[in-house]
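Quick note on the UniProt record's numbering: the sequence shown kicks off at 1 and runs consecutively.
The C-beta atom is built at its ideal place from N, Cα and C for all residues, glycine as well.
Notes follow once the structure below has been shown.
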Amino acid sequence: MKNVKKITNVFILMFLMISGLVSAQDRAINPNQLPKTAKVFLAGHFKGIPVSSAIEDREIYGVDEYKVYLNNGMKAEFDSGGNWKEVDGKHQKVPYGFIPASIKNYTGKNFPNTHIVKIERKRWSYKAELSNGLELEFDRNGNFKRIDD
């Protein structure tokens, strides 16, 4: 019975150690440590808006993503290469310069009294949240697919 208890304790200890290694580790970084692509994106689309904080989200295999919080309350997320994944205006209009023209055109034509307050780029699609609360889905080419409930 003692051996079973010892083996169980060893397995529990190993599990805790492995799960600790696999979990994400966020750490604050200097905005200068962001990938060049992310820095260029921020300088081009958020000119004059300082970064209040930058977070590096690390997985066991390396950097997974970066989260950047701006002084105006907005947040931008980037992949490990510095490509934008999400821009959240926190109910403010996000800059439109990086949004595909087809998405800008569709929202402007079909929802003229609204603006995009959040946009997310996924592998095969885009999701745009409008100031009226609607979430629109587009394919990877920016063609409208549906309104997300």
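Phe-78 and Tyr-61 - do their beta-carbons sit closer together than 7 Å? Residue 61 sits at position 61 when you count from the first residue of the sequence shown. Residue 78 sits at position 78 when you count from the first residue of the sequence shown. The Cβ atoms of Tyr-61 and Phe-78 lie no closer than 7 Å to each other.
Over the uninterrupted alpha helix (DSSP H) stretch that includes Ile-49, give me the two end residues. Start at 1 with the first residue of the sequence shown, and residue 49 comes out as number 49. Neither: Ile-49 is in no alpha helix (DSSP H) and is coded neither H nor E.
Element boundaries [beta strand (DSSP E), containing Tyr-126]: Looking up residue 126 in the sequence shown gives position 126. That run of the beta strand (DSSP E) goes 125-130.
On the CB-based measure, 16 or more other CB atoms within 10 Å of its CB, does Arg-121 come out buried or exposed? Within the sequence shown, residue 121 is the residue found at index 121, counting from 1. That one is buried.
Only counting the same chain, and skipping five residues up and downstream in sequence, which positions put a Cβ closer than 7 Å to that of Asp-88? In the sequence shown, the residue the question calls residue 88 occupies position 88. Closer than 7 Å at Cβ, skipping near neighbours: Met-74, Lys-75, Lys-118.
Where Lys-39 and Lys-127 are concerned, what is the direct C-alpha to C-alpha distance, given to the nearest angstrom? In the sequence shown, residue 39 corresponds to position 39, counting from 1. In the sequence shown, residue 127 corresponds to position 127, counting from 1. Using only the alpha carbons, I get a separation of about 23 Å.
If distances are taken between C-alpha atoms only, which option among Gly-82, Asn-83, Glu-135, Glu-86 comes closest to Thr-107? Looking up residue 107 in the sequence shown gives position 107. Just measuring C-alpha positions, the residue of Gly-82, Asn-83, Glu-135, Glu-86 sitting nearest Thr-107 is Glu-135.
In chain order, which continuous runs of the alpha helix (DSSP H) of length 4 or greater are located wholly inside the region 92-145? Segments of the alpha helix (DSSP H) lying fully in the region 92-145: 101-110.
Looking only at C-alpha atoms, which of Ile-99, Lys-109, Asp-148 sits nearest to His-45? Numbered from 1 along the sequence shown, position 45 holds the residue referred to as residue 45. Checking every option, the nearest Cα to that of His-45 belongs to Ile-99.
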